[in-house]
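Okay, so here's the structure we're looking at.
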Amino acid sequence: MKIMCLNGWGGKLHAPLIAYLEASSPDILCLQEVVHSPETTKEWLTYRDGSHILPQRANMFRDVARALPDHTPIFCPAAQGMLWDGETSIPSQWGLATFVRRTLPITGQVQGFVHKAFSPYGYGEHPRSRSAHVVRVFDFEKARFICVAHMHGLRDLGGKGDTPERIAQANRLAELVQQIAEPGDPVVVCGDFNVDPGSQTFEILGRIGLADLVTARGFGSTRTSHYSKAGKFADYMLVNGHVEVTDFTVVAEPEVSDHCPLVLTV
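FYI, the numbering for the sequence shown is 277 to 542, going by the working numbering.
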């Protein structure tokens with residue numbers, strides 16, 4: 277089974293992203309920064325937040341679902357705000373998506389918030405609402421269940437250090453995982469955590485038996501050349517002792533976002 281985690285950057289690198297997902301076709305894809313604009317047929321819209329302006333693939337969720345036709349797509353919105361088509365505002369939802377190969381029955385799942393709650397009338401002030409999604413699926417090849425979770429962690433304009441809000445989000449993520457995972461389950465927890473490698477997040481998740489693969493295996497960055505700021509860690513993938521890791525890598529090429537895909541084979 278191949279599990280992939282990726283912050284999709286709102287589909288800014290749409291063509292290489294779709295080509296990569298079609299070619300790699302992970303069994304479970306955990307995708308953050310997903311755009312879903314059901315009221316428009318436009319291909320591209322623009323995100324505006326002060327001086328931060330970013331092209332967004334208007335129906336990224338639909339596009340990825342089409343690229344993975346053998347998967348069950350699940351969209352988990354964190355907020356609905358406005359994207360822009362020139363001077364026309366378009367309602368657009370933003371959040372996480374999980375894509376599970378249809379041969380893997382989803383026997384349990386929970387969608388919840390690790391910070392704030394759903395924001396229906398605008399993306400909100402920073403730090404904005406953040407959600408997580410957990411699925412428990414049955415793997416017929418191994419004749420066992422596996423639990424996979426992901427979140428998009430808080431973006432703090434002051435950096436990636438620990439804050440009370442980040443400590444709270446880690447505890448909340450652990451609670452959501454424990455709602456679904458059964459004793460003895462292999463558990464994988466991943467996402468764009470937006471924290472430094474020394475964060476208390478890892479101590480908190482360690483209490484439920486999880487350990488990070490990115491830092492433990494010596495990878496020096498999870499960002500691509502499209503990210504020019506300091507602090508090259510953002511994305512992590514943690515496993516418990518029941519996960520039999522066949523392979524794990526941080527994919528540097530092709531570049532499909534300002535984040536690297538994390539790919540685990542179990």
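The beta carbon of each residue, even a glycine, is placed where N, CA and C say it ideally should be.
Practice task
Scan the stretch 440 to 527 and note each continuous alpha helix (DSSP H) run of 4 residues or more that stays entirely inside, going in chain order.
Solution key: 440 to 456, 476 to 482, 489 to 492
* Would you kindly check if the distance between the Cβ of V490 and the Cβ of V526 is under 8 Å? => yes
- Task: Kindly confirm or deny that the stretch 329 to 336 and the stretch 387 to 399 touch, where touching means at least three C-beta pairs closer than 8 Å.
- Result: Proximity of the stretch 329 to 336 to the stretch 387 to 399 falls short of the contact definition, fewer than three beta-carbon pairs being nearer than 8 Å.
Margin query: Helix, strand or coil, according to DSSP, for V340 in the structure here?
Written below: DSSP places V340 in helix when its eight states are reduced to three.
- When we look at the beta-carbon of E309 and count the other beta-carbons within 10 Å, is it buried (16 or more) or exposed? buried
Requested in this report: Since I believe R412 is in contact with A343 (beta carbons under 8 Å), could you give me their beta-carbon distance rounded to a whole number of angstroms?
Outcome: Wrong, their Cβ atoms sit about 25 Å apart, outside the cutoff.
ask   = Excluding five sequence neighbours on each side, which residues of the same chain lie with their C-beta closer than 7 Å to the C-beta of T439?
value = D432
- Query: Is the beta carbon of V244 less than 8 Å from the beta carbon of V519?
  - Reply: Because the chain in this structure spans residues 277 to 542, residue 244 falls outside the shown range and cannot be described.
Thinking C-beta only, is I366 closer than 8 Å to L359? Yes, Cβ-Cβ distance for L359 and I366 is below 8 Å.
Note to self: Are the CB atoms of V376 and I304 within a distance shorter than 8 Å?
What the structure shows: yes
Could you please give the first and the last residue of the uninterrupted beta strand (DSSP E) stretch that includes F540?
-> Reading the sequence as shown, one finds Leu at residue 540 and not Phe. From DSSP, the beta strand (DSSP E) with L540 extends over 538 to 541.
Using a Cβ-Cβ cut-off of 7 Å (strictly less than) and excluding sequence neighbours within five positions of N447, which residues of its own chain qualify? I480
| message | Please report the distance separating the alpha-carbon of Q385 from that of H409. | response | Using only the alpha carbons, I get a separation of about 7 Å.
- Does the distance from the C-beta atom of K278 to that of P302 stay below 8 Å? yes
Practice task
Just confirm the distance between the C-beta atoms of V532 and P292, as a whole number of angstroms; I'd bet it's less than 8 Å.
Solution key: Their Cβ separation, rounded to whole angstroms, is 5 Å, which keeps V532 and P292 in contact under 8 Å.
| field | Sheet register partners of S368 (DSSP bridge) | value | DSSP output for S368 lists G357 as bridge partner(s).
Measure from the alpha carbon of V542 to the alpha carbon of each residue in A528, D534, D523, then state which is nearest.
-> Nearest option by C-alpha distance: D523.
- By DSSP, does S300 sit in helix, in strand, or in coil? helix
field: Beta-carbon contacts of D468 that lie in its chain and below 7 Å, excluding the five residues immediately before and after
entry: N283, Q308, H428, G429, A510, D511, H535
Margin query: The beta strand (DSSP E) that contains T379, what's its start and end?
Written below: Neither: T379 is in no beta strand (DSSP E) and is coded neither H nor E.
Taking the beta carbon of S501 as the centre, do at least 16 other beta carbons fall within 10 Å, making it buried, or is it exposed? exposed
| task | Classify Y397 as buried or exposed, calling it buried when 16 or more other Cβ atoms lie within 10 Å of its own Cβ. | result | exposed
query = Going by Cα to Cα distance, which pick from E441, C281, I294 is closest to T477?
reply = E441
Exercise. Which first and last residues belong to the beta strand (DSSP E) in which I288 is found?
Worked result: Reading off the sequence shown, one finds Lys at residue 288, where the question assumed Ile. If you look at K288, you'll find it isn't in any beta strand (DSSP E); DSSP assigns it neither H nor E.
Q) What number of angstroms, rounded off, separates the C-alpha of T498 from the C-alpha of V471? A) Their backbone Cα atoms lie some 12 Å apart in a straight line.
*G357: buried (16+ other C-beta within 10 angstroms of its C-beta) or exposed?*
With 16 or more other Cβ atoms within 10 Å, it is buried.
Please report the straight-line C-alpha distance between E315 and Q369, rounded to a whole angstrom.
Going by C-alpha positions, E315 is about 10 Å away from Q369.
- Item | Contacting residues, own chain, Cβ-Cβ under 6 Å from G507 (five flanking each side not counted) | K436
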